[in-house]
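Residue numbers (this note's numbering), protein chains in the order written: chain U, 2 to 235; chain E, 2 to 120. To start, the structure itself, in structure tokens.
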């Protein structure tokens with residue numbers, strides 16, 4: 002279980018997180034949505050323990066998160082953090098040296114499923130192929146929590162669809178939890194159990210997708226648009 | 002993706018409808034084993050929790066039975082299956098009638114046309 006209690010974080014005078022209260026149960030796939038600057042990336046960094054918070058608390062399985070937790074949380078940043086001269090195989094070796102939970106066999110299996118050659122250099126890969134290689138490296142880790150920041154951004158629909166299939170196939174919700182931020186709600190909603198909507202560094206709404214569809218009779222994007230407007234009016 | 006889903010109806014509900022349809026059409030027969038939660042999730046391209054819920058609801062509806070350690074099986078209770086067929090039939094006809102009435106066609110007109118068309 003991930004718990005955030007009144008979490009605040011500012012970059013200079015910009016409030017990135019402005020009092021976040023959130024409970025994320027294990028064994029779910031949870032989407033984080035919101036406009037640019039709503040705090041999605043900062044929220045993920047905060048949970049991953051790679052970004053210090055200003056005030057409040059972040060608990061993972063009851064314990065305050067720290068940089069050490071990077072060892073048990075597989076975090077996939079939005080930015081390209083890999084050495085461009087690495088081949089995919091070298092990238093995997095690097096991961097193996099950094100993370101005790103890295104399972105090279107699984108990473109190779111994901112890579113194979115996503116049809117990326119192990120010998121290709123990161124810098125020679127197209128954006129879509131690089132996105133797949135990053136996904137394979139992340140899913141290669143046998144972590145309890147996967148945190149993925151915009152894993153589909155800038156990728157074409159075919160690649161997105163393959164990545165979604167990969168996520169379904171290579172995560173095990175009986176022991177793993179997946180939290181991902183995205184702009185592409187329309188394409189990933191099929192994957193999600195829950196959706197957290199952020200606005201201005203706060204949680205505007207947190208709902209189960211079946212509830213949204215069942216109770217409101219709206220589709221998810223329609224519901225989001227309505228919530229955002231209502232949030233703006235407040 | 003494996004399947005297309007309607008946007009404004011819960012996905013678990015759509016999957017229950019789909020599996021029920023398979024049962025009615027005889028694609029899945031009484032006593033047949035359903036795929037494991039994981040297999041079916043990968044097959045249709047949704048997350049495993051959704052399929053878990055589908056299987057649970059279908060068991061509550063007595064359309065399936067879970068045998069411990071073996072998985073879920075389509076019920077062999079003929080009475081229950083007949084009920085499923087009847088209710089599907091009724092739903093289809095009711096929605097057809099509602100559609101037709103919305104256009105203002107008379108019942109006699111429709112009954113006559115249906116008779117002619119299905120001959």
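Note that CB positions come from ideal geometry on N, CA and C, so glycine has one too. In this text, all values refer to a predicted model and were calculated from it rather than measured experimentally.
For a Cβ distance threshold of 9 Å, residue set 162, 165, 166, 169, 191, 192 of chain U lies close to residue 46(E), ordered along the chain. Contact annotation: in the region 9-41 of chain E, residues whose CB is within less than 7 Å of a CB in chain U are 9, 10, 11, 12, 13.
A distance of 8 Å or more separates the beta carbons of residue 146(U) and residue 183(U).
For the pair residue 7(E) and residue 118(E), the Cα-to-Cα distance works out to about 30 Å.
For the region 45-71 of chain E, the set of residues with a beta-carbon nearer than 7 Å to any beta-carbon of chain U comprises 46, 47, 48, 49, 50, in chain order. As the crow flies, the alpha-carbon of residue 150(U) is around 6 Å from that of residue 42(U). Here the alpha carbons of residue 189(U) and residue 102(U) stand approximately 27 Å from one another. Taking the beta carbon of residue 219(U) as reference, the chain E residues within 8 Å of it are 9, listed in sequence order. Taking a beta-carbon distance threshold of 8 Å, residue 29(U) counts as an interface residue toward chain E. Not flagged as an interface residue toward chain E: residue 157(U), since no C-beta distance is shorter than 8 Å. Note on the region 19-97 of chain U: whole beta strand (DSSP E) runs with a minimum of 3 residues are 30-34, 56-61, 74-77, in chain order.
Comparing alpha-carbon positions, the option among 112(U), 3(U), 20(U) lying closest to residue 31(U) turns out to be 3(U).
By the criterion of a C-beta distance shorter than 6 Å, residue 51(E) is surrounded in its chain by 12, 13, once the five residues flanking it on both sides are discounted. With distances taken between CA atoms, residue 203(U) lies nearest to 44(U) out of 44(U), 12(U), 28(U). At a cut-off of 8 Å between C-beta atoms, residue 111(E) does not count as an interface residue with respect to chain U.
Per DSSP, the continuous beta strand (DSSP E) segment holding residue 74(E) begins and ends at 72-75. At least 8 Å separates the CB of residue 24(U) from every CB of chain E. Looking at the backbone, the Cα of residue 79(E) and that of residue 39(E) are separated by about 28 Å. Spanning the alpha carbons of residue 221(U) and residue 35(U) requires a straight line of approximately 13 Å. Within chain E, the residues whose beta carbon sits less than 7 Å from that of residue 214(U) are 9, 10, 11, listed in sequence order. At the C-beta level, residue 208(U) and residue 195(U) come within 8 Å of one another.
With contacts defined by Cβ atoms closer than 8 Å, residue 181(U) and residue 228(U) do not form a contacting pair. The closest CA to that of residue 166(U), considering only 24(E), 9(E), 49(E), is found on 49(E). The Cβ of residue 112(U) sits no closer than 8 Å to any Cβ of chain E. Using beta-carbon distances, residue 174(U) counts as an interface residue toward chain E, with a partner under 8 Å. Look at residue 103(U) here: in three-state DSSP terms it is strand. Proximity to residue 170(U) across 140(U), 78(U), 152(U), 40(U) peaks at 140(U), based on C-alpha coordinates. Any Cβ of chain E closer than 8 Å to the Cβ of residue 102(U) would place that residue at the interface, and such an atom is absent. Secondary structure note for residue 149(U): it is in no alpha helix (DSSP H), and the uninterrupted beta strand (DSSP E) holding it is 146-150.
Buried is the label assigned to residue 20(E), since at least 16 other Cβ atoms lie within 10 Å of its Cβ. For residue 67(E), there is no enclosing alpha helix (DSSP H); the enclosing beta strand (DSSP E) covers residues 65-68.
Among the CB atoms of chain U, one or more fall inside 8 Å of the CB of residue 43(E). Cβ-Cβ distances below 6 Å link residue 68(U) to 50 in the same chain, with the five nearest sequence neighbours on each side left out; the list follows chain order. Per DSSP, the unbroken alpha helix (DSSP H) holding residue 110(E) starts and ends at 108-118. Among the CB atoms of chain E, none fall inside 8 Å of the CB of residue 62(U). By the neighbour-count criterion, in which 16 or more other beta carbons inside 10 Å mark a residue as buried, residue 111(U) falls on the buried side.
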